[in-house]
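Read left to right, the sequence shown gives residues 1 to 72 (our numbering).
For glycine and all other residues, C-beta sits at the position ideal for the given N, C-alpha and C.
Since this is a predicted model, take the numbers as computed values, not measurements.
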Amino acid sequence: GEPEHKAAFRAANDAAIARGVFGVPTLAVDDELFWGSDVFEDLEDRLAGRDPVATSKWRAVDELPVGATRRG
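What follows is the structure, encoded as structure tokens:
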């Protein structure tokens, strides 16, 4: 409840929002953000120098139906 603690929290919160944080937990590696409770395997791949999104995962995404289309 101390004013300096509240100010520090607001500053950290504003910095996180400016960086693009929107999920909990969020972990940052360089400029890349990893968020959510299922992120740890992807983060481990990234830290080991592997692509966290395997080609098979991209194929599965490509096969999903289109949910919405933008006009204009």
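- Of the residues assessed, Phe9 falls on the exposed side of the cut-off, its CB having fewer than 16 other CB atoms within 10 angstroms.
- Listed in chain order, the non-local C-beta contacts of Gly67 below 8 Å within the same chain number zero, local neighbours out to five positions each way being set aside.
- Secondary structure of Val61 (DSSP, three-state): helix.
- 8 Å or more divides the Cβ of Arg50 from the Cβ of Glu32.
- Cα atoms of Val53 and Leu43: separation of roughly 10 Å, rounded to the nearest angstrom.
- For Phe22, there is no enclosing alpha helix (DSSP H), since its DSSP letter is neither H nor E.
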